[in-house]
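Heads up: the sequence shown begins at -10 in my numbering, then just goes up one per residue.
Glycine residues also receive a C-beta, built at the ideal position from the N, C-alpha and C atoms.
Below: the structure, in structure tokens.
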Amino acid sequence: MYGGLNSKVNWLNIIFLKDFVSYLSIEDLKEIGFTSKLVREKLKPSLFNNLKLSYNNINTKLEVSDNIFIEYCNIILNPGSASNSKKVKKLSIEAGLKDIAHVLNDIKSYTKSFHLSGVYRAGYYLFPVINIFDKLTSLKLEVCFFSLEKFSKLGDLIPSLKSIELAGVSLIKQPSDDISPKELSFPSNLSFLNISECEVIDVDLISNPYEFLFNEDFSRFEQSNFTFPEISVPSLKELVFYVNDDSDCGIIKFLELNPNLETLDINCFNSNMITRLSSLKNLELQDEIIFDGSTDNSTLESLKYLKITIDDDNTYENIKKLCLLCPNLDYLSFYIEDIKEFHHFIERYMVPILTNLLKLKTLQLEIIKSNDDSNEPNAEDEAQEARNEDEVVDFTEFSKIDTLILEMESKAIFNFNPENYKHLNYIELTSTTSNINTFKFREKFNGYKSWGFKFGERIIRGYKLTK
-10 MYGGLNSKVN
0 WLNIIFLKDF
10 VSYLSIEDLK
20 EIGFTSKLVR
30 EKLKPSLFNN
40 LKLSYNNINT
50 KLEVSDNIFI
60 EYCNIILNPG
70 SASNSKKVKK
80 LSIEAGLKDI
90 AHVLNDIKSY
100 TKSFHLSGVY
110 RAGYYLFPVI
120 NIFDKLTSLK
130 LEVCFFSLEK
140 FSKLGDLIPS
150 LKSIELAGVS
160 LIKQPSDDIS
170 PKELSFPSNL
180 SFLNISECEV
190 IDVDLISNPY
200 EFLFNEDFSR
210 FEQSNFTFPE
220 ISVPSLKELV
230 FYVNDDSDCG
240 IIKFLELNPN
250 LETLDINCFN
260 SNMITRLSSL
270 KNLELQDEII
280 FDGSTDNSTL
290 ESLKYLKITI
300 DDDNTYENIK
310 KLCLLCPNLD
320 YLSFYIEDIK
330 EFHHFIERYM
340 VPILTNLLKL
350 KTLQLEIIKS
360 NDDSNEPNAE
370 DEAQEARNED
380 EVVDFTEFSK
390 IDTLILEMES
400 KAIFNFNPEN
410 YKHLNYIELT
420 STTSNINTFK
430 FREKFNGYKS
440 WGFKFGERII
450 RGYKLTK
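Printed below as a string of structure tokens:
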């Protein structure tokens, strides 16, 4: 049999050949058609379970003419292009929404997760599209405008939601919107909430959709961070909150009203929060950790997993202080970027932390070297970097750890010797720089007779062999 690209068969050409069709009876054709239809119907729940609507697929998949949303998305895709303003001014929001709803009508009953992404100002008008889905449990809004009034009533408008994510969303508030922090309504079964870098914009009365979409200068309006409502959401288990500055944004009061929270990912952690986190099991922290002396000897007894991003030398003492307030920690993860003296970090901070966490079993270190080449390294920097590559994997003092997960440069991985650490049962080594599934790496690691290894392109997983 001949191979190659030219041997590929286009079965559609064969199926529609007259000679081929002549061998099939009408009943055969009916059965094929029925089977095809049945398969398509069976696949619909899987195919349309998760749906994403963005400026790109509005522009390319919505096969209609004279639609105001298509005209707007054309501007996003081609910022320098000019639309026929006289024509666009005649297009209505209602007709545009009707076109989109018509396209989604046959699949709306299958969609449980909806993601609205990158539609910018058009997002303000697209809530009626979101509201057509019968069984929606997950809603994600990303880089778009949205009505603060609609958001404040999601609990009533889409009560089936269990997950809500807002990332880079501008919540638009009109003068007629009288919304207090206590009036926001979240769905009764909401278990996951993500509010990341969102703002509230107080605008004038919106009366002209064309001006709003194409011409309005929003920089002239007052802008503020999203403020959490003063409400309890008993079903809420996981919260992600990132803010652009160090504002409180009502987060401490919200945590106080929701003590059942089990997972928190935040970039504005303050020691005032500790007493509000009595049920917390998982904590991820970005940016600076602030201690103001108000912990009152409180500890995070329930915490099992802690991940901290380290990007500022001034936070090390607070990082150590926080870790030591977690006596039952099982998994500790550090994301470390551009540490100049890793040996100093290990000796001064890691050793006091890990020797006092008696229940810790897993340590994860993600060691990332910055790509910033703005400053040429001097001889001292290069010498320190060379020392770091040798010292980064010295964990002999951490005898309680049985699982070690490292992400670092390939040279440092090559220097790692698992047989130096008798207490380890599992290791996971991920390269941040290059492929490590090479003969050089396989030859070295397969030489460790008490360990078995599995190799991926940039990852090596090792298991201690039982005797």
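May I ask you to report which of helix, strand or coil DSSP gives Asp167? coil
Unbroken alpha helix (DSSP H) runs of length 4 or more, entirely within the region 318 to 358: which are they? 331 to 334, 340 to 345
Out of Pro407, Ile357, Thr288, Glu277, which has the shortest C-alpha to C-alpha gap to Ser420? Measuring C-alpha to C-alpha distances from Ser420 to each of Pro407, Ile357, Thr288, Glu277 identifies Ile357 as the nearest.
Name, in chain order, the residues that DSSP records as bridge partners for His104. Lys41, Lys129
If I follow the unbroken alpha helix (DSSP H) through Lys310, where does it start and stop? 305 to 312
Do you know how far the Cα of Leu395 is from the Cα of Glu446? One C-alpha to the other measures close to 15 Å.
Please confirm whether Leu418 and Ser439 have their CB atoms less than 8 Å apart. no
According to the neighbour-count rule (16 or more other Cβ atoms, all chains shown, within 10 Å of its Cβ), is Arg265 buried or exposed? A residue is called buried when at least 16 other Cβ atoms come within 10 angstroms of its Cβ; Arg265 meets this threshold and is buried.
Can you have a look at Pro218 and say buried or exposed, based on whether 16 or more other CB atoms are within 10 angstroms of its CB? buried
Taking the CB atoms as reference points, tell me whether Asn39 and Ser98 lie closer together than 8 Å. Between Asn39 and Ser98, the C-beta gap is not smaller than 8 Å, which leaves the two residues out of contact.
Phe442 - DSSP class collapsed to helix/strand/coil: Secondary structure at Phe442: strand, using DSSP grouped into helix, strand and coil.
Val118: first and last residue of the uninterrupted beta strand (DSSP E) it sits in: Not the beta strand (DSSP E): Val118 falls in the alpha helix (DSSP H), residues 116 to 119.
Report yes or no: do three or more beta-carbon pairs, one from the region 49 to 66 and one from the region 81 to 99, lie closer than 8 Å? yes
Looking at Pro198: is its Cβ nearer than 8 Å to the Cβ of Tyr114? yes
Three-state secondary structure (DSSP) of Glu273: Glu273 falls in the strand class under three-state DSSP.
Just confirm the distance between the C-beta atoms of Cys187 and Leu160, as a whole number of angstroms; I'd bet it's less than 8 Å. 6 Å
Check whether the Cβ atoms of Leu225 and Leu253 lie closer than 8 Å to each other. no
Does the Cβ-Cβ distance between Phe430 and Phe403 come in under 8 Å? Their beta carbons are under 8 Å apart, which means Phe430 touches Phe403 by this criterion.
Relative to the alpha-carbon of Ser180, which residue among Glu211, Ser169, Thr100, Glu227 has its alpha-carbon at the smallest distance? That would be Glu227, whose Cα lies nearest to the Cα of Ser180.
According to DSSP, Met262 sits in a beta bridge with which residue or residues? Residue pairing for Met262: DSSP places it in no beta bridge.
Segment contact flag, the region 199 to 212 with the region 245 to 261, C-beta cutoff 8 Å, min 3 pairs: no
Report the rounded CA-to-CA distance for Ser176 versus Leu80, giving the unit in angstroms. The sequence given here places Pro at residue 176; Ser does not occur at that position. Looking at the two C-alpha atoms, the distance is approximately 35 Å.
Less than 8 Å between the CB atoms is what I'm expecting for Asn183 and Leu146, so what's the real figure, rounded? Rounded to the nearest angstrom, the Cβ distance from Asn183 to Leu146 is 19 Å, too far for a contact under 8 Å.
So, for Ile342: in the same chain, excluding its five sequence neighbours on each side, which residues have a beta-carbon less than 6 Å away from its beta-carbon? So the qualifying residues of the chain are Lys309, Cys312.
Is Leu354 closer than 8 Å to Asp319 when the C-beta atoms are compared? Going by beta carbons, Asp319 and Leu354 fall outside the 8 Å limit.
Residue range of the alpha helix (DSSP H) that Asn63 falls in? Looking at the DSSP string, the run of the alpha helix (DSSP H) that includes Asn63 is 57 to 66.
If you follow the alpha helix (DSSP H) that Arg431 is part of, which residue opens it and which one closes it? 428 to 434
Same chain only: Cβ atoms within 8 Å of Asn435, ignoring 5 sequence neighbours per side: Closer than 8 Å at Cβ, skipping near neighbours: Phe442.
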